[in-house]
Amino acid sequence: MTKDVEEAAEFLEMTREAEVADEGRRPGFWKKLKRGLFMTHTELLEKVNAAFEGRGVLDEETFEYLEEVLITADVGVETSLELVQRVRQEVQKGGEKDLVRFRQLLVDEMALLLQDAPPAPARGSGSMVTLMVGVNGVGKTTTIAKLARQAQLDGEKVLLAAADTFRAAAIEQLEKWGQRLGVEVIRQNFGADPAAVVFDALHAARSRGMDHVIVDTAGRLHTKEHLMKELAKIRRVIDREASDWQCRTLLVLDATTGQNALAQARQFLETAQVDGVVLAKMDGTAKGGMAVAVARDLRLPVLYIGVGEGAEDLIEFHPREFAAALLG
Ligand SMILES: Nc1nc2c(ncn2[C@@H]2O[C@H](COP(=O)(O)OP(=O)(O)OP(=O)(O)O)[C@@H](O)[C@H]2O)c(=O)[nH]1
Ligand SMILES: [Mg+2]
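All the letters of the sequence shown, read from the start, carry residue numbers 6 to 333 under this note's numbering.
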């Protein structure tokens with residue numbers, strides 16, 4: 006074996022060992038991650054392999070094809086070009102000939118790009134409010150159920166606020182999740198002021214010694230301005246009523262909509278402060294490269310990815326593991 010091939014084999018072995026060791030700490034993590042990235046992984050790898058095997062050499066044509074492949078996976082045009090340029094430079098330095106070693110290079114460079122976004126706000130020791138925002142249908146309510154489940158598993162006392170009072174069945178949908186998970190849901194009637202629901206929820210949470218309040222919001226109102234005003238009002242209530250709590254706003258994006266989701270995110274960022282992104286429905290798409298575009302183009306950290314419709318189908322996002330599962 007040449008040195009490169011030995012190194013590549015060692016890398017794969019280490020990855021496998023890390024997965025096995027991880028199983029005790031985070032049961033099912035890798036299985037879920039791979040399930041979530043299955044479509045993107047299959048499509049990317051097939052094409053990367055085809056680019057390499059069809060030619061047997063890493064020449065300029067292979068690199069150009071690779072750029073196309075990454076763009077198709079919604080990595081974003083500029084980021085795809087940059088990623089390939091980095092790999093190109095590494096290859097020129099080291100003369101990589103082996104496919105496994107080449108893929109390892111891609112994983113390394115992608116992980117570096119993913120780490121480029123500002124870090125996620127660290128979880129402090131006190132109580133926390135999580136405000137979930139995003140346009141309609143992206144997966145906000147389902148993600149709230151998943152976060153509540155995760156909070157329960159972490160031993161936190163969690164409470165949900167049904168502040169989507171705009172869509173007819175939204176309150177009932179959240180209540181159903183609450184019943185299923187054994188989590189209390191604070192609600193008012195359909196059409197009520199969402200900020201008033203949040204106010205109630207924060208007071209209930211204080212008197213019951215809750216660790217975490219998660220707020221569901223409407224994805225659609227009469228106009229965009231109306232929606233943004235309402236979110237700002239909710240945020241003001243939180244700042245006033247829970248000034249000693251940690252507060253984060255998470256933007257949920259539907260990964261299956263690719264570049265569209267990025268355009269939506271840019272609109273949200275114009276008016277609302279966002280601390281991090283959840284990429285929902287990653288299991289249903291080959292557009293997993295979006296995570297890179299979120300980090301690079303939106304400069305937002307991806308905190309979680311949704312990999313199914315169940316309460317436990319959410320995993321924390323880690324750049325290195327994501328890149329390894331995507332391309333490794
Ligand atoms: N496969 C898959 N489906 C998901 C995921 N997350 C959400 N969904 C589904 O997407 C659909 C919409 O999810 P909701 O959570 O209701 O979305 P929402 O953003 O709250 O929608 P509105 O309240 O209408 O704004 C539901 O059918 C969910 O089961 C995911 O990670 N994977
Ligand atoms: Mg909803």
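Even glycine gets a Cβ: it sits at the ideal position worked out from N, Cα and C.
None of these values were measured; they are calculated from a predicted model.
Self-check item: Boundaries (first-last residue) of the alpha helix (DSSP H) holding residue 217
Solution: Within the sequence shown, the letter at position 212 stands for residue 217. Looking at the DSSP string, residue 217 is not in any alpha helix (DSSP H); the run it does join, the beta strand (DSSP E), is 217 to 222.
- Message: Mapping the DSSP letters down to three states, classify residue 192 as helix, strand or coil.
- Response: The residue given as residue 192 occupies position 187 in the sequence shown. Reduced to three states, the DSSP call for residue 192 is coil.
task = Answer yes or no: do residue 155 and residue 319 have a C-beta to C-beta separation smaller than 8 Å?
result = In the sequence shown, residue 155 corresponds to position 150, counting from 1. In the sequence shown, residue 319 corresponds to position 314, counting from 1. Yes.
Practice task
Would you mind giving the Cβ-Cβ distance between residue 333 and residue 108, rounded to the nearest angstrom? I have them listed as a contact below 8 Å.
Solution key: The residue you call residue 333 lines up with position 328 of the sequence shown. The residue you call residue 108 lines up with position 103 of the sequence shown. About 7 Å; that satisfies the 8 Å criterion.
I want to know whether the segment 158 to 166 touches the segment 245 to 265 - three or more CB-CB distances under 8 Å. The count of Cβ pairs closer than 8 Å, one atom from the segment 158 to 166 and one from the segment 245 to 265, stays below three, leaving the stretches out of contact.
Is DSSP giving residue 322 helix, strand or coil here?
Residue numbering aside, residue 322 sits at position 317 when the sequence shown is read from its first letter. Correct three-state label for residue 322: coil.
*Ordered along the chain, which non-local residues of its own chain (more than five positions away) have a Cβ less than 8 Å from that of residue 44?*
On the sequence shown, position 39 is the one that residue 44 refers to. Closer than 8 Å at Cβ, skipping near neighbours: 288, 289, 290, 291 and 293.
Starting from residue 262, trace the beta strand (DSSP E) both ways and give me its first and last residue. As a working mapping, residue 262 is identified with position 257 in the sequence shown. For residue 262, there is no enclosing beta strand (DSSP E), as DSSP marks it with neither H nor E.
Pair within 8 Å by beta-carbon distance, residue 143 and residue 81: The count along the sequence shown starts at 1 and reaches residue 143 at position 138. The count along the sequence shown starts at 1 and reaches residue 81 at position 76. The Cβ atoms of residue 143 and residue 81 lie no closer than 8 Å to each other.
Return the CA-CA distance between residue 170 and residue 236, expressed in angstroms with no decimal places. In the sequence shown, residue 170 corresponds to position 165, counting from 1. In the sequence shown, residue 236 corresponds to position 231, counting from 1. When rounded, the distance between both Cα atoms is 13 Å.
Inset, instruction - With a 10 Å radius around its C-beta and 16 neighbouring C-beta atoms as the bar for buried, classify residue 131 as buried or exposed. - result: Position 126 of the sequence shown holds residue 131. The residue in question, residue 131, is exposed, as its Cβ has fewer than 16 Cβ neighbours within 10 Å.
* To do: Under 8 Å Cβ to Cβ from residue 40, same chain only, skipping five residues before and after it: list those, please.
  => For the purposes of this step, residue 40 is taken as residue 35 along the sequence shown, with counting starting at 1. Result list for residue 40: 288, 312 and 313, in chain order.
- prompt: Whose CA, out of 282, 65 and 71, lies closest to the CA of residue 54?
  reply: Locating residue 54 in the sequence shown gives position 49, counting from the first residue. Selected option, being the one with the closest Cα: 71.
- Message: Going by DSSP, what residue range makes up the alpha helix (DSSP H) through residue 233?
- Response: In the sequence shown, residue 233 corresponds to position 228, counting from 1. Where residue 233 is concerned, the enclosing alpha helix (DSSP H) stretches over 229 to 246.
Return yes when at least one heavy atom of ligand 1 lies under 7 Å from the C-beta of residue 266, else no.
On the sequence shown, residue 266 is found 261 positions in, with the first residue counted as 1. For ligand 1, not one heavy atom lies less than 7 Å from the Cβ of residue 266.
Checklist line | Limits of the alpha helix (DSSP H) - the one that residue 110 falls within | finding: Reading the sequence shown from its first residue, position 105 is the one you call residue 110. 104 to 119 is the extent of the alpha helix (DSSP H) around residue 110.
Straight-line CA distance for residue 367 to residue 120? There is no way to answer for residue 367, as the model of the chain reaches only from 6 to 333.
Item checked: the segment 239 to 251 contacting the segment 199 to 206, beta-carbon criterion three pairs below 8 Å -> yes
Legend entry - Terminal residues of the beta strand (DSSP E) in which residue 173 lies: For this step, residue 173 is matched to residue 168 along the sequence shown. No beta strand (DSSP E) holds residue 173; DSSP gives it neither H nor E.
- [ ] To the nearest angstrom, report how far apart residue 79 and residue 191 are at their CA atoms.
- [x] Position 74 of the sequence shown, counted from the first residue, corresponds to residue 79. Position 186 of the sequence shown, counted from the first residue, corresponds to residue 191. Cα to Cα, the separation comes out at about 38 Å.
Residue 208 classed as buried or exposed, judged by whether at least 16 other C-beta atoms fall within 10 angstroms = Within the sequence shown, the letter at position 203 stands for residue 208. Residue 208 should be labelled exposed.
Pull up the CB-CB distance for residue 218 and residue 210, whole angstroms please, since I reckon it's below 8 Å. Walking along the sequence shown from the start, residue 218 turns up at place 213. Walking along the sequence shown from the start, residue 210 turns up at place 205. Taking C-beta atoms under 8 Å as the contact rule, residue 218 and residue 210 qualify, at a distance of about 5 Å.
Taking the Cβ atom as the reference point for each residue, do residue 56 and residue 67 lie within a distance shorter than 8 Å?
The residue labelled residue 56 in the question sits at position 51 within the sequence shown. The residue labelled residue 67 in the question sits at position 62 within the sequence shown. Yes; because the gap between Cβ atoms is below 8 Å, this pair is in contact.
Requested in this report: Give me the Cβ distance between residue 282 and residue 307, rounded to the nearest whole Å; I'm assuming they're in contact under 8 Å.
Outcome: For the purposes of this step, residue 282 is taken as residue 277 along the sequence shown, with counting starting at 1. For the purposes of this step, residue 307 is taken as residue 302 along the sequence shown, with counting starting at 1. Contact flag correct, Cβ pair sits at about 5 Å.
List the endpoints of the continuous alpha helix (DSSP H) containing residue 287. Within the sequence shown, residue 287 is the residue found at index 282, counting from 1. Counting along the chain, residue 287 falls outside any alpha helix (DSSP H), and DSSP gives it neither H nor E.
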